[in-house]
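Undergrad: Each residue of the sequence shown is one higher than the one before, counting from 1 in full-length UniProt numbering. Quick one: the structure is below, and I'll ask about it shortly.
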Amino acid sequence: MNATSCAIVQDVYRPFSSVVVVLIAEGLLGFLALLASLVMTIMLYATRVFKFNCRIVLICLALGAVTANIGVLLRSAFFSYVVFTQLPTKLCSWLMLGNRECFTLNNTYLTGCLVLLISPVLLSIERLFDTFFASEGAKPKKFVGISMAMFAAFLTVGASIFNTLWTVSHRSLGSAPYADGLCPADLFTGGKQSIFYVFLLFHFCSLLIFVVLWLHNNSNMVQKHIAMASSHFLDNVVETEMTFPVVVLGSIFLIGHFIIDYGHLKKIDEVFTTQTHIDVHLRDDPTSIFMWSELQVCLAPVFSLLISRTVLRCLPPVFSWRNTESVVPQRFSSGSTIEKC
């Protein structure tokens with residue numbers, strides 16, 4: 001590490017600087033979001049309000065939020081520990097992270113984020129299948145939910161392996177990435193822009209599926225079945241209304257990541273592409289680059305809190321779930337509609 005970049009790291013990561021304050025807030029948000037995600041996971045399993053397949057996909061989403069927020073806590077704890085326990089003269093040696101260390105630090109967070117991005121897409125597919133291919137009175141086809149959960153797991157593991165191989169092949173593991181001390185947990189920079197467009201296409205299709213489901217649920221045929229108190233149609237309408245905000249929030253989370261990656265962190269990626277010396281960029285606006293790197297990590301806890309609030313408000317109270325039979329009787333009553341969520 002040269003003297004210029006070392007001085008910048010010491011200045012940016014001094015105690016209670018703006019970047020460190022964001023790091024502390026990031027840790028607090030991660031802790032609150034972790035608790036909310038754990039509660040959401042337990043409540044989804046315990047209440048059994050949603051049908052099996054829908055519940056399995058939502059539990060995958062909740063576990064992804066748990067994983068991402070554990071990663072946020074680990075990342076925040078590492079930097080906070082270094083800032084508040086080490087002498088300023090030793091900051092450089094602690095924060096001189098090679099690609100191996102940077103990847104290890106961010107891998108838990110990135111794995112959780114991938115699950116958070118995949119789950120809303122699977123949720124829309126599950127809603128489409130249950131609406132058009134499940135029949136009245138038939139037993140739920142549990143293999144659909146199990147297959148989706150396994151697909152999410154395999155895809156996440158595969159993406160993590162791909163990210164590892166990409167890191168090994170495109171950057172030297174012995175050199176410090178992103179200017180010593182800057183280790184953004186980016187999803188779509190580093191030549192991975194095409195991955196964003198794939199996710200964007202999937203999320204657009206998910207929103208389109210829910211538009212189709214909304215039109216179907218408001219058709220005369222469905223309304224007639226609702227009037228006859230058909231449990232199959234009632235369940236579909238209720239669960240579609242409950243899960244639509246989850247898909248919308250997932251798309252917002254994806255776009256937010258992309259905006260920060262390409263609006264504020266892409267300049268760092270260009271440094272490696274053009275082999276330009278990074279000190280020039282750091283001297284221009286060092287705090288902004290470090291700040292946006294940490295603000296990007298804050299997206300996962302904020303998204304987790306919003307998702308937890310959206311899902312939990314659709315579930316019965318914590319201490320009365322044993323007396324609750326189904327969400328449908330609470331959502332629809334004879335001749336009138338009672339808004340539950």
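Using N, Cα and C, we set each Cβ at its ideal position, and we do this for glycine too.
Would you report the Cα separation of A7 and Q86, rounded to the nearest angstrom?
TA: Within the sequence shown, residue 7 is the residue found at index 7, counting from 1. Within the sequence shown, residue 86 is the residue found at index 86, counting from 1. Whole-angstrom Cα-Cα distance: 15 Å.
Undergrad: Assign V49 to one of three DSSP states: helix, strand, or coil.
TA: As a working note, residue 49 is residue 49 in the sequence shown. Correct three-state label for V49: coil.
Undergrad: What are the boundary residues of the alpha helix (DSSP H) that S308 is part of?
TA: Taking the first residue of the sequence shown as 1, we reach residue 308 at position 308. That run of the alpha helix (DSSP H) goes L299 to L312.
Undergrad: Around the Cβ of T131, are there at least 16 other Cβ atoms within 10 angstroms (buried) or fewer (exposed)?
TA: Position 131 of the sequence shown, counted from the start, is the residue given in the question as residue 131. Buried, because 16 or more other Cβ atoms sit within 10 Å of the Cβ of T131.
Undergrad: If you draw a straight line from the C-alpha of R14 to the C-alpha of L312, how long is it?
TA: Numbered from 1 along the sequence shown, position 14 holds the residue referred to as residue 14. Numbered from 1 along the sequence shown, position 312 holds the residue referred to as residue 312. Distance between the alpha carbons of R14 and L312 is about 39 Å.
Undergrad: Taking the alpha-carbon of F210 as reference, which of N107, L122 and F290 has the nearest alpha-carbon?
TA: The residue given as residue 210 occupies position 210 in the sequence shown. Nearest of N107, L122 and F290 to F210, Cα basis: L122.
Undergrad: Please confirm if the region 242–257 is in contact with the region 196–206, defined as three or more CB-CB distances below 8 Å between the two stretches.
TA: Contact between the region 242–257 and the region 196–206 is present, because at least three Cβ pairs lie under 8 Å.
Undergrad: Just tell me which of V49, V144, L215 and L58 has its CA closest to the CA of L38.
TA: Counting from 1 along the sequence shown, the entry for residue 38 is found at position 38. For the residues V49, V144, L215 and L58, the minimum Cα distance to L38 belongs to L58.
Undergrad: Tell me which residues share the same chain as L114 and place their Cβ nearer than 6 Å to its Cβ, disregarding the 5 neighbours each side in the sequence.
TA: Here residue 114 refers to the residue found at position 114 when the sequence shown is read from its first residue. The residues are T156 and A159.
Undergrad: Taking the alpha-carbon of F143 as reference, which of S304, V21 and C54 has the nearest alpha-carbon?
TA: Walking along the sequence shown from the start, residue 143 turns up at place 143. Nearest option by C-alpha distance: C54.
Undergrad: Does DSSP put F319 in a helix, a strand or coil?
TA: Stepping through the sequence shown from its first residue, residue 319 is reached at position 319. The pLDDT assigned to F319 is 49, lower than 50, so where the model puts this residue is not dependable, and the model offers no usable value.
Undergrad: How is Y109 classed by DSSP in three states: helix, strand or coil?
TA: Within the sequence shown, the letter at position 109 stands for residue 109. It is helical.
Undergrad: Within a Cβ cutoff of 8 Å, which residues of the same chain sit near M148, ignoring the five residues on either side of it in sequence?
TA: Translated into positions along the sequence shown, residue 148 becomes position 148. Taken in chain order, the residues that qualify are N53, I56, V57, C60, L122, I125 and E126.
Undergrad: Compute the Euclidean distance between the alpha carbons of N217 and L128, then round it to the nearest angstrom.
TA: As a first step, residue 217 must be located in the sequence shown, where it is residue number 217. As a first step, residue 128 must be located in the sequence shown, where it is residue number 128. Their Cα atoms are separated by approximately 12 Å.
Undergrad: Would you identify the three-state DSSP class for P245, choosing helix, strand or coil?
TA: Along the sequence shown, read from residue 1 onward, the residue named residue 245 stands at position 245. In the structure shown, P245 sits in a helix (DSSP, three-state: H, G or I).
Undergrad: For a quick check, are the C-beta atoms of L34 and L73 less than 8 Å apart?
TA: Indexing the sequence shown from 1 puts residue 34 at position 34. Indexing the sequence shown from 1 puts residue 73 at position 73. It is a contact, given that the beta carbons lie within the stated cut-off.
Undergrad: Excluding sequence positions up to five away, which residues of its chain have a Cβ less than 8 Å from the Cβ of E294?
TA: Along the sequence shown, one-based indexing puts residue 294 at 294. Contacts found: V19, V22, L23 and E26.
Undergrad: Which first and last residues belong to the alpha helix (DSSP H) in which S17 is found?
TA: Along the sequence shown, read from residue 1 onward, the residue named residue 17 stands at position 17. Premise fails: S17 is in no alpha helix (DSSP H) and is neither H nor E.
Undergrad: If distances are taken between C-alpha atoms only, which option among Y109, M43 and F202 comes closest to G250?
TA: If you number the sequence shown from 1, residue 250 lands on position 250. Among Y109, M43 and F202, the Cα nearest to that of G250 belongs to F202.
Undergrad: Can you tell me where the alpha helix (DSSP H) holding S93 begins and where it ends?
TA: Taking the first residue of the sequence shown as 1, we reach residue 93 at position 93. Segment L91 to L95, the alpha helix (DSSP H) holding S93.
Undergrad: Could you check which residue in I118, L306 and I260 has the C-alpha nearest to that of W292?
TA: Within the sequence shown, the letter at position 292 stands for residue 292. Checking every option, the nearest Cα to that of W292 belongs to I260.
Undergrad: Under three-state DSSP, which class holds S219?
TA: Stepping through the sequence shown from its first residue, residue 219 is reached at position 219. Residue state, collapsed to three classes: coil.
Undergrad: Using the C-alpha atoms, what's the distance from S76 back to V247?
TA: Walking along the sequence shown from the start, residue 247 turns up at place 247. Walking along the sequence shown from the start, residue 76 turns up at place 76. Near 28 Å, if we compare the C-alpha coordinates of S76 and V247.
Undergrad: Does the separation of the CB atoms of A300 and A68 fall below 8 Å?
TA: For the purposes of this step, residue 300 is taken as residue 300 along the sequence shown, with counting starting at 1. For the purposes of this step, residue 68 is taken as residue 68 along the sequence shown, with counting starting at 1. A contact, by the Cβ cut-off of 8 Å.
Undergrad: Report the three-state DSSP secondary structure of L87 (helix, strand or coil).
TA: Translated into positions along the sequence shown, residue 87 becomes position 87. In the structure shown, L87 sits in coil (DSSP, three-state: anything other than H, G, I, E or B).
Undergrad: Report the rounded CA-to-CA distance for Q296 versus F31, giving the unit in angstroms.
TA: Locating residue 296 in the sequence shown gives position 296, where the first residue counts as 1. Locating residue 31 in the sequence shown gives position 31, where the first residue counts as 1. Cα-Cα distance, rounded: 16 Å.
Undergrad: Out of V9, L28, M150 and V66, state which residue places its alpha-carbon closest to the alpha-carbon of W94.
TA: Locating residue 94 in the sequence shown gives position 94, where the first residue counts as 1. That would be V9, whose Cα lies nearest to the Cα of W94.
Undergrad: Please say whether M40 and S219 have beta carbons closer to each other than 8 Å?
TA: For the purposes of this step, residue 219 is taken as residue 219 along the sequence shown, with counting starting at 1. For the purposes of this step, residue 40 is taken as residue 40 along the sequence shown, with counting starting at 1. No; because the gap between Cβ atoms is not below 8 Å, this pair is not in contact.
Undergrad: Given that a residue counts as buried once 16 or more other Cβ atoms are within 10 Å of its Cβ, and exposed if not, what is P120?
TA: By one-based count along the sequence shown, residue 120 stands at place 120. Buried, since its Cβ has 16 or more Cβ neighbours within 10 Å.
Undergrad: Look up F154 in the DSSP assignment and say whether it is helix, strand or coil.
TA: To locate residue 154, count along the sequence shown from 1; it is residue 154. It is helical.
Undergrad: Nearest-angstrom Cα distance between V84 and F133?
TA: Within the sequence shown, numbered from 1, the residue matching residue 84 stands at position 84. Within the sequence shown, numbered from 1, the residue matching residue 133 stands at position 133. The sequence given here has Phe at residue 84, not Val. F84 and F133: Cα-Cα distance of roughly 57 Å.
Undergrad: Can you tell me whether DSSP reads K141 as helix, strand or coil?
TA: Residue 141 sits at position 141 when you count from the first residue of the sequence shown. In the structure shown, K141 sits in coil (DSSP, three-state: anything other than H, G, I, E or B).
Undergrad: Is it right to say K51 is buried, meaning 16 or more other beta carbons lie within 10 angstroms of its own, or is it exposed?
TA: Here residue 51 is taken as the residue at index 51 of the sequence shown, counted from 1. By the neighbour-count rule (16 or more Cβ atoms within 10 Å), K51 is buried.
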